[in-house]
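Okay, structure coming up:
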């Protein structure tokens, strides 16, 4: 128990450090940074709840039954939220509103069953003497989490707009770490390592996204000129056919002079979003100059 608590405390410290870094330096953009920080904070809460349950189970006191049950309800209910958050981080514009709603259904089902388990013992049971045992549906939160992680890996594998082949060789193995943690915890019930492994995954993911950010324009969130030149050279070297569509924003200087640079920045950002939405299933968008964008459409001539 002591080893697990120490590991969890170190994981919490690591995550707080990562959250602090994420607040200082956005992960890709502000919206995605918010999702990442949320996932990290949820993991911290779950780690704290895990420590609480490890301490509470040591005492056979009826006075601790209620907090022990509540800690388990929250811990099991929040568990699938972390992989779901990272999955949401990676969903592209082609995933519609109703598809996203469908992905949330397992979260709601899991949450309701976890709340009901306070009385029914479906997922866990804490008796009148504060003794903990697993319920018949104990593996439901784990199964939902695994499903989200697998879906996340598949989403990344088919995402050729945000990740190159070299990127995928790094990021996909990162998300196999929690799968290994889940497998070990199932095979060895006394070994508690899942949330520590997820903490490591979030740290490595942050490092990877920061490295990946050098390929992206911080203002618009689209790829930079350096990324454009690198991909173009790669296509030329491999003999891959592609069409390049160029865009030049009109009257950007006029907007800056008359309405201020903040208005000019908004014009650039909204233009990037429009181009990205228009070419979401066709090609990759790049910002190659102050008011210049281009799209590489692979396999199009």
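Numbering (my numbering), first residue to last: 5 to 305. Every residue, glycine too, gets a C-beta built ideally from N, C-alpha and C. Just so we're clear, the structure is a prediction, and the values are computed from it rather than from any experiment.
Proximity winner among 268, 290, 137 and 28, relative to residue 256 (alpha-carbon distances): 268
Where residue 252 sits in the DSSP three-state scheme: strand
Of the residues 196, 294 and 249, the one placed nearest residue 287, counting alpha carbons only: 249
Residues near residue 160 in its chain [Cβ-Cβ closer than 8 Å; skip 5 each side]: 94, 167, 172, 175, 176 and 179
Segment limits, alpha helix (DSSP H) that includes residue 130: Looking at the DSSP string, residue 130 is not in any alpha helix (DSSP H); the run it does join, the beta strand (DSSP E), is 128-130.
Pick from 62, 223, 136 and 140 that is closest to residue 266, judged by C-alpha positions: 223
Contact between the region 59-67 and the region 124-143 (3+ Cβ pairs under 8 Å): Contact check between the region 59-67 and the region 124-143: three or more CB pairs, one atom from each, fall below 8 Å, which counts as touching.
Alpha carbon of residue 3 to alpha carbon of residue 41, nearest angstrom: The question about residue 3 has no answer here: the residues shown for the chain are numbered 5 through 305.
Of the listed residues 151, 278 and 305, nearest to residue 243 (C-alpha basis): Ranking the options by Cα distance to residue 243, first place goes to 305.
Residue burial classification, residue 152 (beta-carbon count within 10 angstroms, cutoff 16): buried
Close-in-space but distant-in-sequence residues of the same chain around residue 11 (CB under 7 Å, 5 per side omitted): 200
Residue 161, DSSP secondary structure in three states: helix
Contact under 8 Å by Cβ, residue 92 with residue 50: no
At least 3 beta-carbon pairs within less than 8 Å: the region 74-90 vs the region 118-125: yes
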